[in-house]
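Quick notes on the structure that follows.
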Amino acid sequence: SVQDKGPGLPAHVQHSTFDMFWRSESLNGRGRSGSGLGLTVVKAIAEGHNARFEVGNNRDGGSYARIAFPVSKAEGAA
């Protein structure tokens with residue numbers, strides 16, 4: 265997982281964070297950057313490995329991105 269201490273994800277955009285080519289408004293006044301594919305690609309790769317990918321806001325400010333992989337038994341293990 266990774267987290268930051270920024271402004272977090274505004275509630276009105278949280279439903280769009282995984283939409284292909286979606287980009288949020290600039291919160292730092294420097295304009296929009298990026299292609300809008302990053303979180304979409306990460307989620308697709310994670311789900312392709314039976315993992316869960318989520319983003320959200322921390323209770324004390326900032327946001328996080330987290331990948332949780334399932335635990336599996338090694339081949340031949342009892």
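Following the numbering used here, the numbering of the sequence shown begins with 265 at its first residue and continues without gaps. Virtual Cβ for every residue (Gly too), placed ideally from N, Cα, C.
Exposed unless 16 or more other CB atoms sit within 10 angstroms - verdict on residue i
i, result
"residue 307", "buried"
Pairwise C-alpha distance: residue j and residue i
i, j, result
"residue 335", "residue 310", "14 Å"
"residue 323", "residue 313", "29 Å"
"residue 265", "residue 272", "15 Å"
"residue 275", "residue 337", "39 Å"
"residue 316", "residue 269", "23 Å"
"residue 330", "residue 282", "13 Å"
Residue closest to residue i, alpha-carbon to alpha-carbon, out of the options
i, options, result
"residue 261", "273, 326, 280", "Past the boundaries of the shown model lies residue 261; the chain is included only from 265 to 342, so the question cannot be answered."
"residue 304", "278, 320, 284, 321", "284"
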